[in-house]
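Presented below is the structure to which this report refers.
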Amino acid sequence: MDTVDAAKRSEIMRSVRGRDTGPEMVVRRLTHSLGFRYRLHDRELPGCPDLVFRSRKKVIFVHGCFWHQHKGCQRAQLPTSRTEYWAAKLGANKKRDVRNCRKLARLGWEVLTLWECRLGDLDRLARRIGSFLHAESEQKY
Ligand SMILES: [Zn+2]
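Using this note's numbering, the letters of the sequence shown map in sequence onto residues 2 to 142.
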């Protein structure tokens, strides 16, 4: 295979793996099946939340454990090569997440963060999403 093909292939893989695959789709399908309607990736909100429930003023983030450095999670372990590079890069991601959550809170939005590694139990996930979206605004998660 030549390099053009390899580049082309990786471009295709990137688009396939884009934001509409994997953990986020699990959450989207489940939330939809629970009867909630939402917008996707609202760029006007800090952090461009994955699911946005405007009338409830709530948002859900679906976070990959590695990229968002899920604390204490196996999947969040840094690679053994170029460790400093990854520590800096992923540390910056983590800080950005914290900043965005604070900004959202200041604007009156409630945030639920769902981690990729915790999406396996769909019943539990459905209860969690349901109670977050049904709860009165003073309830904390
Ligand atoms: Zn995790």
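We put the beta carbon where it would ideally sit given N, CA and C, even for glycine.
- Using a Cβ distance threshold of 9 Å, W116 and C66 count as a contacting pair.
- The three-state reading of DSSP puts E111 in strand, counting E and B together.
- Inter-residue distance for N101 and A8 is about 34 Å (C-alpha atoms, whole angstroms).
- Within the same chain, T32, L52, V53, F54 come within 7 Å of Y39 by CB-CB distance, once the 5 residues on both sides are set aside.
- For the pair P24 and L120, the CB atoms are nearer than the 9 Å cut-off.
- Taken in chain order, the complete alpha helix (DSSP H) segments of 4 or more residues contained in the region 21 to 58 are 24 to 34.
- In the structure shown, W87 falls within a helical segment according to DSSP collapsed to helix, strand and coil.
- Per DSSP, the continuous alpha helix (DSSP H) segment holding L134 begins and ends at 123 to 135.
- If you check the CB distance, K95 and Q70 come in under 9 Å.
- D6 counts as exposed, since fewer than 16 other C-beta atoms from the protein chains shown sit within 10 angstroms of its C-beta.
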